[in-house]
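The structure appears right after this line, and notes come after that.
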Amino acid sequence: MTQSCWRQLWNKSPRFNCINRIDPKILQCSFVKLTADFPKCLTGMYMALCTGHAPLCQHLHRIGKEPSPFCAHCPGIEEIVPHFLLDCQNFCRERHTLSEALGCNASSLSYLLKDPNTTPHLTRFINTTGQLRQTFSEVPLPRKPPD
11 MTQSCWRQLW
21 NKSPRFNCIN
31 RIDPKILQCS
41 FVKLTADFPK
51 CLTGMYMALC
61 TGHAPLCQHL
71 HRIGKEPSPF
81 CAHCPGIEEI
91 VPHFLLDCQN
101 FCRERHTLSE
111 ALGCNASSLS
121 YLLKDPNTTP
131 HLTRFINTTG
141 QLRQTFSEVP
151 LPRKPPD
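Each residue of the sequence shown is one higher than the one before, counting from 11 in the numbering used here.
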């Protein structure tokens, strides 16, 4: 399959809009560059967050593993990646710590998931919430690239 055929198929994919909102340059290997020095479980977690396949209620409900797509802490709101990272009332304290470290950009999903400087802070946020621990355990921080 040629790259142009693949690109056309990708643009029609249901995942295209989800990932394109976060990283429009993903086809230019930005995700590969970002995750090159990540431990495998951190790469997997990032991929799950970017594609909407994170083990949150909405996705688990879609695959028949959870009875409801709604957040246990925010009645009537689906538990999806943006809700978990940016809005869920249950994680205000953890989000405040993230905001102190990253400033106003901490409210940008795209910034959180594609800027390499956010990785240690986002990883700490996710570990502290415990929300993804059952699937990813305690996610290690990325290794520092060699000098």
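Beta carbons are placed, not taken as given, at the ideal position from N, Cα and C, and that holds for glycine. All of these numbers come straight from a predicted model, not from anything done at the bench.
- prompt: Mind checking Val91: buried by the 16 CB within 10 Å criterion, or exposed?
  reply: Within the sequence shown, the letter at position 81 stands for residue 91. Val91 is buried by the Cβ-count criterion.
message: Going by C-alpha to C-alpha distance, which of Leu96, Gln141, Ser120 and Cys84 sits closest to Phe41?
response: Position 31 of the sequence shown, counted from the first residue, corresponds to residue 41. Cα-wise, what sits closest to Phe41 is Ser120.
field: Straight-line gap, Glu89 to Cys60 (C-alpha atoms, nearest Å)
entry: Residue 89 sits at position 79 when you count from the first residue of the sequence shown. Residue 60 sits at position 50 when you count from the first residue of the sequence shown. Their backbone Cα atoms lie some 15 Å apart in a straight line.
For Thr133 and Asp97, the rounded distance between their alpha carbons: Along the sequence shown, one-based indexing puts residue 97 at 87. Along the sequence shown, one-based indexing puts residue 133 at 123. C-alpha separation (whole angstroms): 17 Å.
query: Is it a yes or a no for the region 105 to 114 touching the region 66 to 86, going by three-plus beta-carbon pairs under 8 Å?
result: no
task: Report the rounded CA-to-CA distance for Met57 versus His63, giving the unit in angstroms.
output: As a first step, residue 57 is located in the sequence shown; it is residue number 47 there, counting from the start. As a first step, residue 63 is located in the sequence shown; it is residue number 53 there, counting from the start. Near 8 Å, if we compare the C-alpha coordinates of His63 and Met57.
Residue closest to Gln144, alpha-carbon to alpha-carbon, out of Leu66, Ala116 and Cys102: The residue you call residue 144 lines up with position 134 of the sequence shown. Of the listed residues, the one whose Cα sits closest to Gln144 is Leu66.
task: Determine the contact status of Pro126 and Leu19, defining contact as a CB-CB distance below 8 Å.
output: For the purposes of this step, residue 126 is taken as residue 116 along the sequence shown, with counting starting at 1. For the purposes of this step, residue 19 is taken as residue 9 along the sequence shown, with counting starting at 1. The answer is no: Cβ separation not under 8 Å.
Simplified DSSP state of Phe80, which is helix, strand or coil: Here the question's residue 80 lines up with position 70 in the sequence shown. Of the three classes helix, strand and coil, the one that applies to Phe80 here is strand, per DSSP.
task: Confirm, please, whether the CB-CB distance from Pro152 to Phe48 is below 8 Å.
output: Within the sequence shown, the letter at position 38 stands for residue 48. Within the sequence shown, the letter at position 142 stands for residue 152. In this structure, Pro152 lies closer than 8 Å to Phe48 by Cβ.
field: Rounded separation between Asn21 and Ala116 - CA only
entry: Residue mapping note: residue 21 aligns to position 11 of the sequence shown, counting from 1. Residue mapping note: residue 116 aligns to position 106 of the sequence shown, counting from 1. Our two residues, Asn21 and Ala116, have alpha carbons roughly 28 Å apart in a direct line.
task: Can you have a look at Phe26 and say buried or exposed, based on whether 16 or more other CB atoms are within 10 angstroms of its CB?
output: Along the sequence shown, read from residue 1 onward, the residue named residue 26 stands at position 16. Answer is exposed; the Cβ neighbour count stays below 16.
query: Thinking just about the alpha-carbon of each residue, which of Lys50, Ile29, Arg103 and Cys114 is nearest to the one in Leu135?
result: The residue you call residue 135 lines up with position 125 of the sequence shown. The identity of residue 135 in the sequence shown is Phe, whereas the question assumes Leu. Phe135 has its Cα closest to that of Arg103, out of Lys50, Ile29, Arg103 and Cys114.
message: Quick check: what's the CA-CA separation for Arg146 versus Arg17?
response: Position 136 of the sequence shown holds residue 146. Position 7 of the sequence shown holds residue 17. The sequence given here has Phe at residue 146, not Arg. In a straight line, the C-alpha of Phe146 is about 31 Å away from that of Arg17.
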